[in-house]
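Engineer: Have a look at this one.
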Amino acid sequence: MPIRTISTLLVALLAVGCTAITVNLPPITETPTDERLSGKVVWHDLLTNTPEASRRFYGELFGWEFEQPRVFIGVGSGDSYMLIRHNGKLIGGMVDSNALGRKENISQWITTISVPDIDAAVERVSGAGGKVINAPESIGARGRMAVVEDSTGALFAVIQTKGGDPADAEPMQNGWLWDELWTGDVDGATGFYQSVLGFQHTDHAIENKDGNYRVLKYADKPRAGILKNPFEGERPVWVNYIRVEDPSAVTAKVEGLGGRVLIEAQARPIGGEVAFIAGPSGAGVALQTWPLD
Amino acid sequence: MRNSKIRRAAGLSALLALCSLLASCEPPAVYGSIGYSSYSGGGYYGGGGMGTSIRVGGRIY
Numbered sequence: 511m512p513i514r515t516i517s518t519l520l521v522a523l524l525a526v527g528c529t530a531i532t533v534n535l536p537p538i539t540e541t542p543t544d545e546r547l548s549g550k551v552v553w554h555d556l557l558t559n560t561p562e563a564s565r566r567f568y569g570e571l572f573g574w575e576f577e578q579p580r581v582f583i584g585v586g587s588g589d590s591y592m593l594i595r596h597n598g599k600l601i602g603g604m605v606d607s608n609a610l611g612r613k614e615n616i617s618q619w620i621t622t623i624s625v626p627d628i629d630a631a632v633e634r635v636s637g638a639g640g641k642v643i644n645a646p647e648s649i650g651a652r653g654r655m656a657v658v659e660d661s662t663g664a665l666f667a668v669i670q671t672k673g674g675d676p677a678d679a680e681p682m683q684n685g686w687l688w689d690e691l692w693t694g695d696v697d698g699a700t701g702f703y704q705s706v707l708g709f710q711h712t713d714h715a716i717e718n719k720d721g722n723y724r725v726l727k728y729a730d731k732p733r734a735g736i737l738k739n740p741f742e743g744e745r746p747v748w749v750n751y752i753r754v755e756d757p758s759a760v761t762a763k764v765e766g767l768g769g770r771v772l773i774e775a776q777a778r779p780i781g782g783e784v785a786f787i788a789g790p791s792g793a794g795v796a797l798q799t800w801p802l803d
Numbered sequence: 140m141r142n143s144k145i146r147r148a149a150g151l152s153a154l155l156a157l158c159s160l161l162a163s164c165e166p167p168a169v170y171g172s173i174g175y176s177s178y179s180g181g182g183y184y185g186g187g188g189m190g191t192s193i194r195v196g197g198r199i200y
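From first to last, the protein sequence lines are chains A and B. Residue numbers for the first sequence follow this note's numbering, beginning at 511 and rising by one. Residue numbers for the second sequence follow this note's numbering, beginning at 140 and rising by one.
Listed below in structure tokens is the structure:
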């Protein structure tokens, strides 16, 4: 290609400025629904500074498969962002946090909640006592996404999907089951999520001495829980639960795969078992049997 | 011939300058602004697991 042509192309690119460089991620569901389910946790991204070890960890424990997106995502090298599949379905993504250029270990699972109008939702964040960490940004075919902190300091993301949200379905074994906010200020957090995302809530006196278990609902559909942070002094966090058949069988393999068992499998007063583990990068995830009996 | 070489050199210089300008564009990174890990605090890394005295929640229905 002649130099003049190349130069012309570059001048054209420069003319449109840096906006020409965009992240392009595939949709969260391969079956477009064109329906948005407000308040539903529709995606989970793992930020990890140990991507290879994390792939092995989640692959061995839960049978998850990792693949590169078929489109150029616009940033980093080819494996900076991997899609996670389980039983052939997309269930999440994995971000190599080393590619983000951060010195800190920011490894964690990011909970992403669907909103019908991301600009309106993010606009309400500050007024409700939260903080916008990353303003709404187009991420290609996936839609528009923002990262925010609630009024108690827990980080999460909101997304306005382009092709719609995945339809509600029975949770898969070794797939996502539930999402729960751990915070020291249950009432304060409830007010935030009501104001910003329009949740209602119900309380259930079924757990333990630490108080009721609060369920956030949207259009009468239970979407997430809020629990008084069981780890005193730890910062508020969204915790994601994976449905497993036998938590003890999973925790027995965790250390051999480079992770840690933070809470051994325990029976719940309401039925079933739960456990809490961390992967090789330190990102935590909970395990739960389902249904409760 | 000389003019042609000068034009070629000028073109290459312009090309390099434009490449350099484009390289300075920060690609958007949704998670690039996150400054901490939710799990990097002392509690989760406190010595040797948390036992079973701590109760977590989970789906109820």
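Quick reminder that beta carbons are idealized off the backbone N, C-alpha and C, glycines included.
#1: Check each candidate in S564(A), A656(A), G598(A), T622(A) and name the one with the smallest Cα separation from L767(A).
#2: Does the pairing of the region 594-612 of chain A with the region 543-555 of chain A give three or more beta-carbon distances under 8 angstroms?
#3: If you run the structure through DSSP and keep just helix, strand and coil, what is G816(A)?
#4: For G674(A), which residues of its own chain have a beta-carbon under 8 angstroms away from its beta-carbon, when the five flanking residues on both sides are left out?
#5: Relative to the C-alpha of A638(A), which residue among A775(A), S791(A), E659(A) is closest?
#6: Is the distance from the Cβ of Q798(A) to the Cβ of R198(B) below 9 angstroms?
#7: If I follow the unbroken beta strand (DSSP E) through I669(A), where does it start and stop?
#8: Rounding to the nearest angstrom, what Cα-Cα distance links D756(A) and Y568(A) in this structure?
#9: May I ask which residues mark the beginning and end of the beta strand (DSSP E) holding D555(A)?
#10: How many angstroms separate the CA atom of R634(A) from the CA atom of W688(A)?
#11: Which parts of the region 695-748 of chain A are runs of the beta strand (DSSP E), unbroken and 3 residues or longer, counting only runs that do not cross its ends?
#12: Going straight from the alpha carbon of E690(A) to that of V725(A), what length do you get?
#13: Can you name, in chain order, every residue of its own chain whose Cβ lies under 8 angstroms from the Cβ of A699(A), other than the five neighbours on each side?
#14: Less than 8 angstroms between the CB atoms is what I'm expecting for A656(A) and N644(A), so what's the real figure, rounded?
#15: Any heavy atom of the ligand MN closer than 8 angstroms to the CB of G640(A)?
#16: Classify N559(A) as buried or exposed, calling it buried when 16 or more other Cβ atoms lie within 10 Å of its own Cβ.
#17: Taking only beta-carbon positions, decide if Q798(A) is within less than 9 angstroms of chain B.
#18: Which of the residues in the region 605-639 of chain A, read from start to end, lie with their CB under 9 angstroms from any CB of chain B?
#19: I need the DSSP call for L772(A), collapsed to helix, strand or coil.
#20: Does the separation of the CB atoms of I649(A) and L772(A) fall below 9 angstroms?
#21: Given a limit of 8 angstroms on CB to CB distance, which residues of the region 719-737 of chain A reach chain B?
#22: How many angstroms separate the CA atom of A667(A) from the CA atom of A785(A)?
#23: Taking S172(B) as the query, report the chain A residues whose CB atoms sit under 8 angstroms from its CB, ordered along the chain.
#24: Going along chain B, which residues have a C-beta under 7 angstroms from I780(A)?
#25: Among Y703(A), G685(A), G653(A), which has the Cα closest to the Cα of W574(A)?
#26: Does the separation of the CB atoms of Q704(A) and D730(A) fall below 9 angstroms?
#27: Got a sec: is the Cβ-Cβ distance from I145(B) to anything in chain A below 9 angstroms?
Structural biologist: Once the coordinates are examined:
#1: Of all alpha-carbon atoms in S564(A), A656(A), G598(A), T622(A), the one lying nearest the alpha-carbon of L767(A) is that of S564(A).
#2: Verdict: yes, contact present.
#3: Since the first residue shown for chain A is 511 and the last is 803, residue 816(A) is missing from the structure and cannot be characterised.
#4: For G674(A), the CB contacts under 8 angstroms within the same chain, skipping 5 residues up- and downstream, are T539, P542, T543, D544, E545, R546 in chain order.
#5: Minimum Cα-Cα distance from A638(A) among the listed residues A775(A), S791(A), E659(A) corresponds to E659(A).
#6: The Cβ-Cβ distance between Q798(A) and R198(B) falls below 9 angstroms.
#7: Its beta strand (DSSP E) spans residues 665-671.
#8: If I take the Cα positions, the gap works out to 16 angstroms.
#9: Per DSSP, D555(A) belongs to the beta strand (DSSP E) from 551-558.
#10: Their Cα atoms are separated by approximately 25 angstroms.
#11: Inside the region 695-748 of chain A, DSSP marks whole beta strand (DSSP E) runs of 3 or more residues at positions 710-718, 721-728, 731-738, from first to last along the chain.
#12: For E690(A) and V725(A), the distance between alpha carbons rounds to 9 angstroms.
#13: Excluding sequence neighbours, A699(A) sits near D660, S661, T662, A664, L691, T693, I736, P746.
#14: Contact holds; Cβ gap of about 6 angstroms.
#15: Among the ligands in the structure shown, none appear at all, so the ligand MN cannot be discussed.
#16: Residue burial is scored here from C-beta neighbours: N559(A) has at least 16 other C-beta atoms within 10 angstroms and is therefore classed as buried.
#17: Chain B, which has a Cβ nearer than 9 angstroms to the Cβ of Q798(A), makes this yes.
#18: Against chain B - using a Cβ distance shorter than 9 angstroms - the residues of the region 605-639 of chain A are V605, S607, A609, L610, G611, R612, E614, N615, I616, S617, Q618, W619, I620.
#19: DSSP places L772(A) in strand when its eight states are reduced to three.
#20: Between I649(A) and L772(A), the CB-CB gap reaches or exceeds 9 angstroms.
#21: Cβ contacts with chain B: D720, Y723, V725, P732, G735, L737.
#22: Their backbone Cα atoms lie some 25 angstroms apart in a straight line.
#23: Within chain A, the residues placing a beta-carbon under 8 angstroms from that of S172(B) are I643, N644, V657, ordered along the chain.
#24: Residues of chain B passing the Cβ test: I199.
#25: That would be G685(A), whose Cα lies nearest to the Cα of W574(A).
#26: It is not a contact, given that the beta carbons lie outside the stated cut-off.
#27: Nearest CB-CB separation between I145(B) and chain A: not below the 9 angstroms threshold.
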